[in-house]
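Under my numbering, the residue at position 59 of the sequence shown is numbered 59, and the numbers go up by one with no gaps. Report on the following structure.
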Amino acid sequence: MDGDFFKSLAKKPATKFDVLLARAAKYINMEDAQASKREGRGEKRTKMKILLKAKGGLQRQEAIIAEGEYSVHPLTVPITQALMVVEGKGLLTRPRSYKDGPQQPKLDKFC
1 MDGDFFKSLA KKPATKFDVL LARAAKYINM EDAQASKREG RGEKRTKMKI LLKAKGGLQR
61 QEAIIAEGEY SVHPLTVPIT QALMVVEGKG LLTRPRSYKD GPQQPKLDKF C
């Protein structure tokens, strides 16, 4: 009994029965719309899964990313080896400290 309808009744009680019925109908329609929206999402996902089974391969990964979900693969090399590669290629740098201040563009480069 913690639905939106009960919260709205607690905030502003209905004075007439007709007003109460109108508000109840509004919330019922809202719940029906949300339920149908959820069902539509489920149908979309099942269609996507069927297409993925039919196509497979690279399209599967693209479809999953397009759907908003992604998969994470387990690391197959030791963490130390992965960190050594990251350090060797210079992929990560330490952030600047606050006392360095913002970097100003060199004014002598421009006219």
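Yeah, the Cβ is synthetic: ideal placement off N, Cα and C, and Gly gets one too. These figures come from a predicted structure and were not determined experimentally.
Is the CB-CB distance between residue i and residue j below 8 Å?
i     : j     : result
Ala35 : Phe5  : no
Leu92 : Ala82 : no
Give the range of the alpha helix (DSSP H) segment to which residue i is assigned.
i     : result
Leu92 : Element bounds for Leu92: n/a, residue is neither H nor E.
Ser8  : Asp4 to Lys11
Taking its Cβ as the centre, do 16 or more other Cβ atoms sit within 10 Å of residue i, making it buried, or is it exposed?
i     : result
Leu58 : Caution is warranted here: a pLDDT of 49 is assigned to Leu58, below 50, making its placement in the model unreliable, and the coordinate value is therefore given only provisionally. Looking at its Cβ environment, which holds fewer than 16 other Cβ atoms inside 10 Å, Leu58 is exposed.
Lys99 : exposed
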